[in-house]
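Novice:
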Amino acid sequence: MSEEKEKKIYRGRIKVPYKHTAGDYVEKFIEEIGRNNKIMGVKCPKCGKVYVPPKMVCFKCFEKMNEWVEVGNQGTVEGFTVVTHSTDVMPLKPPFGYGIIKLDGADTGFVHIINKGDPKKLQEGMRVEAVFKDRRQKKITDIEYFKPI
Amino acid sequence: MGKKDQKEKPFEIRWKTDLPYKYAMGRVSVKFFETLKKERKLLGSKCPECGKVHFPPRGVCAECIVKMTVDDMVEVPPVGTLVGFTVVNYPFVDPQTGGMRPFPYGYGLFQLDTAQTYTMHFINEKDHEKMKIGQRVKAVFKNEMEGNLGDIPYFEIIGEE
Amino acid sequence: MDHFEGINFSEMWCGIDAAPGYMKPVVKIATGGTTGSSLGISGYYNVASGIYDKVLVVGWEKLNEGGATTGIITAFDPVWERPSLAGALGPLALMANMYMNEYNVSPETAAMVTVKNRSNAANNPFAHLQMPKITLDYVMSSQTISYPLRLHDCCPQSEGACAVIYANEKEAKKIRDNTAWFHSVATAHYYTFGCDDKMYDLPTATIASKKAYKKAGIRDPVKDLDVAEVYEPTSWAELSWTEALGFAEPGKGGEILREGITQMGGELPVNPSGGVLSTNPIGATALVRFAEAAIQIMGRGEKRQVPDVEKALAMGFGGSLWTELAIFGNEPPR
Numbered sequence: 001m002s003e004e005k006e007k008k009i010y011r012g013r014i015k016v017p018y019k020h021t022a023g024d025y026v027e028k029f030i031e032e033i034g035r036n037n038k039i040m041g042v043k044c045p046k047c048g049k050v051y052v053p054p055k056m057v058c059f060k061c062f063e064k065m066n067e068w069v070e071v072g073n074q075g076t077v078e079g080f081t082v083v084t085h086s087t088d089v090m091p092l093k094p095p096f097g098y099g100i101i102k103l104d105g106a107d108t109g110f111v112h113i114i115n116k117g118d119p120k121k122l123q124e125g126m127r128v129e130a131v132f133k134d135r136r137q138k139k140i141t142d143i144e145y146f147k148p149i
Numbered sequence: 150m151g152k153k154d155q156k157e158k159p160f161e162i163r164w165k166t167d168l169p170y171k172y173a174m175g176r177v178s179v180k181f182f183e184t185l186k187k188e189r190k191l192l193g194s195k196c197p198e199c200g201k202v203h204f205p206p207r208g209v210c211a212e213c214i215v216k217m218t219v220d221d222m223v224e225v226p227p228v229g230t231l232v233g234f235t236v237v238n239y240p241f242v243d244p245q246t247g248g249m250r251p252f253p254y255g256y257g258l259f260q261l262d263t264a265q266t267y268t269m270h271f272i273n274e275k276d277h278e279k280m281k282i283g284q285r286v287k288a289v290f291k292n293e294m295e296g297n298l299g300d301i302p303y304f305e306i307i308g309e310e
Numbered sequence: 311m312d313h314f315e316g317i318n319f320s321e322m323w324c325g326i327d328a329a330p331g332y333m334k335p336v337v338k339i340a341t342g343g344t345t346g347s348s349l350g351i352s353g354y355y356n357v358a359s360g361i362y363d364k365v366l367v368v369g370w371e372k373l374n375e376g377g378a379t380t381g382i383i384t385a386f387d388p389v390w391e392r393p394s395l396a397g398a399l400g401p402l403a404l405m406a407n408m409y410m411n412e413y414n415v416s417p418e419t420a421a422m423v424t425v426k427n428r429s430n431a432a433n434n435p436f437a438h439l440q441m442p443k444i445t446l447d448y449v450m451s452s453q454t455i456s457y458p459l460r461l462h463d464c465c466p467q468s469e470g471a472c473a474v475i476y477a478n479e480k481e482a483k484k485i486r487d488n489t490a491w492f493h494s495v496a497t498a499h500y501y502t503f504g505c506d507d508k509m510y511d512l513p514t515a516t517i518a519s520k521k522a523y524k525k526a527g528i529r530d531p532v533k534d535l536d537v538a539e540v541y542e543p544t545s546w547a548e549l550s551w552t553e554a555l556g557f558a559e560p561g562k563g564g565e566i567l568r569e570g571i572t573q574m575g576g577e578l579p580v581n582p583s584g585g586v587l588s589t590n591p592i593g594a595t596a597l598v599r600f601a602e603a604a605i606q607i608m609g610r611g612e613k614r615q616v617p618d619v620e621k622a623l624a625m626g627f628g629g630s631l632w633t634e635l636a637i638f639g640n641e642p643p644r
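Protein chains in written order, with the numbering used here: chain A, 1 to 149; chain B, 150 to 310; chain C, 311 to 644.
(1) Pull up the CB-CB distance for alanine 473 of chain C and leucine 366 of chain C, whole angstroms please, since I reckon it's below 8 Å.
(2) So, under 8 Å CB-CB, glycine 626 of chain C and arginine 644 of chain C are touching, yes? Tell me the CB distance rounded to an integer number of Å.
(3) Measure the beta-carbon distance from asparagine 73 of chain A to glycine 97 of chain A and round it to whole angstroms, keeping in mind my assumption that it falls under 8 Å.
(4) Tell me, which residues are paired with cysteine 210 of chain B by DSSP?
(5) Nearest CA to the CA of methionine 280 of chain B: which residue from B:Ile301, B:Tyr256, B:Tyr267?
(6) Below 9 Å between beta carbons: does that hold for glycine 75 of chain A and arginine 127 of chain A?
(7) When you compare each of C:Trp546, C:Leu587, C:Lys613 to alanine 289 of chain C by their alpha carbons, which one comes out closest?
(8) Answer yes or no: does any C-beta atom of chain B fall closer than 9 Å to that of isoleucine 14 of chain A?
(9) Compare the C-alpha of asparagine 411 of chain C against each of C:Tyr510, C:Ser347, C:Lys525 and name the closest.
(10) Between which two residues does the alpha helix (DSSP H) carrying glutamate 481 of chain C extend?
(11) Identify each residue in the stretch 205 to 235 of chain B for which the Cβ-Cβ distance to at least one residue of chain C is less than 8 Å, and report them in chain order.
(12) Note down, in chain order, every chain A residue with its Cβ under 8 Å from the Cβ of methionine 174 of chain B.
(13) Is there at least one Cβ from chain C nearer than 9 Å to tyrosine 267 of chain B's Cβ?
(14) Please decide whether lysine 153 of chain B counts as near chain C, where near means a Cβ-Cβ distance under 9 Å.
(15) Does chain B have any CB closer than 9 Å to the CB of alanine 106 of chain A?
(16) Please report the straight-line C-alpha distance between threonine 544 of chain C and threonine 589 of chain C, rounded to a whole angstrom.
(17) Does DSSP put valine 71 of chain A in a helix, in a strand, or in coil?
(18) Cα-Cα, which of C:Ala496, C:Ala477, C:Ser394 is closest to serine 359 of chain C?
(19) Compare the C-beta of cysteine 505 of chain C against all C-beta atoms of chain B and say whether one is closer than 9 Å.
(20) Mind checking if proline 335 of chain C is an interface residue toward chain A, Cβ cutoff 9 Å exclusive?
(21) Out of C:Trp632, C:Ile361, C:Ala594, which one is the CA nearest neighbour of glycine 690 of chain C?
(22) Using CA coordinates, which residue listed in C:Met422, C:Ile528, C:Glu577 is at the minimum distance from aspartate 447 of chain C?
(23) Identify whether lysine 152 of chain B lies in helix, strand or coil by the three-state DSSP scheme.
(24) What does a CB cutoff of less than 8 Å around leucine 535 of chain C pick up in its chain, not counting 5 residues either side in sequence?
(25) Listed from N- to C-terminal order along the chain, which residues in the stretch 182 to 195 of chain B have their beta-carbon within a distance smaller than 8 Å of any beta-carbon of chain C?
(26) In the DSSP assignment, what residue or residues form a beta bridge with methionine 249 of chain B?
(27) Taking the continuous beta strand (DSSP E) assigned at histidine 270 of chain B, which residues delimit it?
(28) Phenylalanine 314 of chain C by DSSP, collapsed to three states: which one?
(29) Please give me, in chain order, every unbroken run of the beta strand (DSSP E) with length at least 3 that falls completely inside the stretch 428 to 507 of chain C.
(30) Could you check where the alpha helix (DSSP H) with methionine 410 of chain C kicks off and where it finishes?
(31) Would you call the stretch 212 to 226 of chain B and the stretch 191 to 200 of chain B in contact, with 3 or more CB pairs under 8 Å?
(32) Thinking C-beta only, is alanine 594 of chain C closer than 9 Å to threonine 379 of chain C?
(33) Would you call the CB atoms of glycine 175 of chain B and glycine 200 of chain B closer than 9 Å?
(34) Would a C-beta distance cut-off of 9 Å place leucine 192 of chain B and valine 223 of chain B closer than the cut-off?
(35) Excluding sequence positions up to five away, which residues of its chain have a Cβ less than 8 Å from the Cβ of asparagine 374 of chain C?
(36) Using 9 Å as the limit for Cβ to Cβ distance, is alanine 22 of chain A near chain B?
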């Protein structure tokens, strides 16, 4: 920024620590990933829709969902983008692929990183598989990324 | 969902935001900090309609709904009268730093001479028994000015009414 | 609210799917401590305008997830106010200090407010701090956290939610026979820099109450109102703000308390629910005042019910010293 412009601004930061009690459903989802390399969803008793990640209430039927189902670790890429620009608030270093993956057996899309190999070679309809981190931290990033298969 | 054992800790996800912002200060604030840095003087804003002197300076007189520009800024002496005081004595995270703000610290409401508004700022007294409404206070400036509010680290009590 | 939980689309965070909000018009309102009352008034505008027949209003807060003081600081001017501001309690302490000096009010008088409200809360199954056996000594012996505020002069940080259903005349009849009717609402904002004025006498409450009383036909609030849910973040605030609302002359807020006027069984009980001093999930707190006033009108107060309530006042406070008021009646306004 030019010196002239710099004089007209006040550079501030907002640094606040937060903690979120994520709830039982998120806990079970992340634990199954961490302990058993399994990705789980929940199924609506009324319309049969399988939600991954799981939620408590089916937004269409307004029914509470208690039935847990395992969905595959593999899925199909429904849409993707390749992030090539960087700013200092981005969580990952570009370039990386990022997309909506319909895991086998799920009715909703799951958003995650698609990596390994040339991110520019990603295609809709590609088959991908979850790659789990060696050291599990009880976070969504225990699935490190999806790799093309 | 079953009932959780009382001793079980609920699953928490923790994170810390750390977001940068470039706040446009506005011409009036820019002029204030430039003058503070170069001339070690305080400026307020005087409404061209009602004559009310505002400190801190700002771009609009709220009651008249009239614009106040850089030309409406007037010098305000760095001394005033204490109107209210407290000693903040509890821990909290300062969002500017992400860490705890040091406490206890004196904090007061005072009216600078010739200004018609009140201002809140640090006071360098940690014992509320030593503070009294009506005391005279004076702005303390840093030796090396940077051009932000930190150039006035606190106000000090300079005497009784 | 956004800065408290760290999620800036906080309406998404609270479970829109569970509301249910899918494909419905949803608006988030976040105005600091007045969030609940802004919500309360917005629900009223949406239905009274004739645009919607039925509206669900939800206020909530999970204060354990962030820090209230930290969040509040981010709501203020980064150049002028953030460096020294100590959240809400700093300015509230200054207001208590000025009020105490101006009218020579003792800390014991303020402590009596906490005793009243937290023992009232014992009758309210939804309150956070229910203390049927609270004593003046309990409050007076607590640590001074920001002179003159002691720990128990201040409201807690709570987690909770409040939901209210609004309906027009036709729809209301289908839901229940006995409803609370809005007679008037009023809002008043203040300067951007909240400390521009002496603050403690809350001029926004005086202006808003005059507007609200005029529209609802209230001439003498102590006589014409049957119950009031006042937003009191500190015990001192209830003393000075009941004056701002016209319940007492300036400086006499403590007198109406000592004389029993604002106690349960008095002429105008204030905060039979326990008030903010007992329960404070910030995004819901002011909505709880509206809900509790409506509960009193509907006769659903059970142990905390004030007898024969025909007119009730609910107050919200927050932001940069904003006040929002609503007056309810047990019959439609004429």
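Beta carbons are placed, not taken as given, at the ideal position from N, Cα and C, and that holds for glycine.
All figures in this text were calculated on a predicted structure; none of them were measured in a lab.
Specialist: The relevant details are as follows:
(1) Approximately 7 Å separates the beta-carbon atoms of alanine 473 of chain C and leucine 366 of chain C; this is inside 8 Å, confirming the contact.
(2) Incorrect: roughly 26 Å between the Cβ atoms, too far for contact.
(3) About 18 Å separates the beta carbons of asparagine 73 of chain A and glycine 97 of chain A, which is beyond the 8 Å limit, so they are not a contact pair.
(4) Among the bridge pairs identified by DSSP, cysteine 210 of chain B is matched with B:Val215.
(5) The shortest CA-to-CA distance from methionine 280 of chain B to any of B:Ile301, B:Tyr256, B:Tyr267 is the one to B:Tyr256.
(6) Cβ distance < 9 Å, so glycine 75 of chain A and arginine 127 of chain A count as in contact.
(7) No information on residue 289 of chain C is available, as it lies outside the stretch 311 to 644 that chain C covers here.
(8) True, the Cβ-Cβ gap to chain B drops below 9 Å.
(9) Ranking C:Tyr510, C:Ser347, C:Lys525 by Cα distance to asparagine 411 of chain C puts C:Tyr510 first.
(10) Run containing glutamate 481 of chain C: 479 to 485, per the alpha helix (DSSP H) assignment.
(11) Contact residues of the stretch 205 to 235 of chain B toward chain C are Pro205, Arg207, Ala211, Val232, Gly233, Phe234, Thr235 (C-beta to C-beta distance below 8 Å).
(12) Within chain A, the C-beta atoms nearer than 8 Å to that of methionine 174 of chain B come from Lys8, Ile9, Tyr10, in chain order.
(13) Residue contact with chain C for tyrosine 267 of chain B: present (Cβ-Cβ distance below 9 Å to some residue of chain C).
(14) Confidence is the limiting factor: at lysine 153 of chain B the pLDDT is only 48, short of 50, which leaves the residue's position unreliable, though a coordinate-based value still follows. It does not: the Cβ of lysine 153 of chain B has no partner Cβ on chain C nearer than 9 Å.
(15) Taking Cβ atoms only, chain B never reaches closer than 9 Å to alanine 106 of chain A, which makes this a no.
(16) Straight through space, the alpha carbons of threonine 589 of chain C and threonine 544 of chain C are spaced by roughly 12 Å.
(17) Reduced to three states, the DSSP call for valine 71 of chain A is strand.
(18) Nearest C-alpha to serine 359 of chain C among C:Ala496, C:Ala477, C:Ser394: C:Ala477.
(19) Closer than 9 Å to some Cβ of chain B, the Cβ of cysteine 505 of chain C qualifies, so yes.
(20) False, the Cβ-Cβ gap to chain A never drops below 9 Å.
(21) No answer is possible for residue 690 of chain C: it lies beyond the span of chain C, which begins at 311 and ends at 644.
(22) For aspartate 447 of chain C, the closest of C:Met422, C:Ile528, C:Glu577 by C-alpha to C-alpha distance is C:Met422.
(23) Model confidence at lysine 152 of chain B stands at a pLDDT of 48, short of 50, so the residue's coordinates are unreliable; what they give is reported in the following sentence. Three-state result, lysine 152 of chain B: coil.
(24) Cβ within range, chain order: Ile528, Leu578, Lys621, Ala622, Leu623, Ile637.
(25) Listed by position along the chain: nothing, the set is empty.
(26) Listed as beta-bridge partners of methionine 249 of chain B by DSSP are B:Val242.
(27) Element bounds for histidine 270 of chain B: 268 to 272.
(28) Correct three-state label for phenylalanine 314 of chain C: helix.
(29) Listed in chain order, they are 454 to 456, 469 to 477, 491 to 498.
(30) Taken as a continuous stretch (DSSP letters only), the alpha helix (DSSP H) holding methionine 410 of chain C covers 399 to 413.
(31) Touching, yes.
(32) Contact: no.
(33) With respect to glycine 200 of chain B, glycine 175 of chain B sits apart: the two C-beta atoms are not nearer than 9 Å.
(34) Here leucine 192 of chain B is near valine 223 of chain B, since their CB atoms are less than 9 Å apart.
(35) Excluding residues within five positions, the ones whose Cβ falls inside 8 Å are Gln467, Glu469.
(36) At least one beta carbon of chain B lies nearer than 9 Å to the beta carbon of alanine 22 of chain A.
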